[in-house]
Amino acid sequence: MVVGTGASGSMAADGVEERKQMSALIVDDNSVIQKIHKVIMTKLGFETQVVDNGKMAVDLHTSGCSFDVILMDMEMPVMNGIEATKELRAMGVETMIVGVTACSLESEKQAFKEAGLNECFVKPLNMEEAKSLVKKLNKEDN
Amino acid sequence: MERNQLHRQVALMRKSLFDQWLLQGYLDDQFIQLEELQDDANPNFVEEVVTLFYKDSSRLLVNIDQALEKKPLDFTKLDGYMHQFKGSSSSIGAKKVKAECTQFHDYCRAGNAEG
Chain C
1 MVVGTGASGS MAADGVEERK QMSALIVDDN SVIQKIHKVI MTKLGFETQV VDNGKMAVDL
61 HTSGCSFDVI LMDMEMPVMN GIEATKELRA MGVETMIVGV TACSLESEKQ AFKEAGLNEC
121 FVKPLNMEEA KSLVKKLNKE DN
Chain Z
143 MERNQLHRQV ALMRKSLFDQ WLLQGYLDDQ FIQLEELQDD ANPNFVEEVV TLFYKDSSRL
203 LVNIDQALEK KPLDFTKLDG YMHQFKGSSS SIGAKKVKAE CTQFHDYCRA GNAEG
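Top line first, the protein sequences correspond to chains C and Z. Under the working numbering, residues 1 to 142 are what the first sequence spells out, in order. Under the working numbering, residues 143 to 257 are what the second sequence spells out, in order.
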């Protein structure tokens, strides 16, 4: 399956548009979730990076890194998902941020969404949900 | 050669154990999702995830045990550990463990309320 951003594509000699590989940042302190999300995103053609908490995600962006999508856990030590999302938005990061939480309380999911998420799912993300994100990303670039 | 055979045998045993647990309601659909993620590029995915889960759980259970020894009980800390455990359990589809975690969470909230 070819996954890529149309906007940054360029025409190769044989006329086939080259598509840049998309990147995903996985922000979660749970190693089981990290592994599952990494495999799902890699299968969908993403280059992935994994960090353990919100502060590391923010630091990456401060140092100039950018991604096509961020999978953000809600509860993490040092800096949680709500704080990290607020910081990233305040920094002007417009990347799609997808919240993933083990918490099923509507009020907490709402607070997370209000921090600046594009979407919020219950963890772990499944393949169907991940594919819907890819569809959204491809639509945004066209 | 022998090692490979042993490996294969362990894999077969694990599979029938998990199939049993699925039938008995210990594991839910999430486990099936994990099986579907296993392929040639990730041939030992399920085994790796379950191993990670066991390591994580052991560590968490030790932390919980230690926290339960403290007087007075730190419900916030206990709840934090339980939340982690719940996250891991639901990601491998350990339905009953997840339900017990939710029950524990309710006790912690009640405990905090009683002060």
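Where is the CB? At the ideal position from N, CA and C, for every residue including glycine.
In the three-state DSSP reduction, Z:Thr-193 falls in the helix class (H, G or I). Sequence-ordered contacts of the segment 194-215 of chain Z with chain C read Leu-194, Phe-195, Lys-197, Asp-198 [C-beta pairs closer than 9 Å].
Secondary structure note for Z:Thr-218: it is in no beta strand (DSSP E), and the uninterrupted alpha helix (DSSP H) holding it is 217-234.
Judged by DSSP secondary structure, C:Met-56 falls within the alpha helix (DSSP H) whose first and last residues are 54-62.
The beta-carbon of C:Val-134 is placed no less than 8 Å from the nearest beta-carbon of chain Z.
Of all residues in the segment 89-103 of chain C, only Ala-102 place a beta-carbon less than 7 Å from a beta-carbon of chain Z.
Minimum Cα-Cα distance from Z:Thr-193 among the listed residues Z:Asp-216, Z:Ala-209, Z:Ser-158, Z:Ser-230 corresponds to Z:Ser-230. Using a CB distance below 8 Å, the part of the segment 75-86 of chain C facing chain Z consists of Glu-75, ordered along the chain.
Per DSSP, the beta-bridge partners of C:Val-98 are C:Leu-71, C:Glu-119. The beta carbon of C:Ile-40 is closer than 7 Å to those of Leu-125, Met-127, Ala-130 in its chain, skipping five residues each way along the sequence. Under the 8 Å criterion on CB atoms, C:Ile-26 is classed as non-interfacial with respect to chain Z. Of all residues in the segment 102-123 of chain C, those with a C-beta nearer than 7 Å to a C-beta of chain Z are Ala-102, Lys-123, reading in chain order. Within 7 Å of the CB of C:Ser-31, the CB atoms of chain Z belong to Leu-194, Asp-198, in sequence order along the chain. At least one beta carbon of chain C lies nearer than 8 Å to the beta carbon of Z:Phe-187. Residue state for C:Leu-44 is assigned as coil, using DSSP reduced to three classes. If you look at C:Gly-81, you'll find it in the alpha helix (DSSP H) that goes 81-90.
Cβ-Cβ separation between C:Ser-104 and C:Asp-68: approximately 28 Å, too far for a contact (criterion under 8 Å). Rounded to whole angstroms, the gap between the alpha carbons of C:Asn-30 and C:Glu-87 is 22 Å. Using beta-carbon distances, C:Val-69 does not count as an interface residue toward chain Z, since no partner is under 8 Å.
Proximity of C:Lys-131 to chain Z, defined by a Cβ-Cβ separation below 8 Å, is not satisfied. Taking the Cβ atoms as the reference, C:Thr-101 lies roughly 7 Å from C:Cys-120, within the contact range of under 8 Å. Under the three-state reduction of DSSP output, Z:Gln-166 falls in the coil class, being neither helix nor strand. Contacts with chain C at 8 Å (Cβ-Cβ) do not include Z:Gly-253. In the pairwise beta carbon analysis, the segment 196-210 of chain Z is classified as touching the segment 220-239 of chain Z: at least three pairs are separated by under 8 Å.
Inter-residue distance for C:Ala-111 and Z:Gln-147 is about 52 Å (C-alpha atoms, whole angstroms). By the Cβ criterion, the segment 206-221 of chain Z is not in contact with the segment 50-65 of chain C, since fewer than three pairs of Cβ atoms, one from each stretch, lie closer than 8 Å. Think of a sphere of 9 Å around the beta carbon of C:Lys-55: no beta carbon from chain Z falls inside it, the nearest being about 18 Å out.
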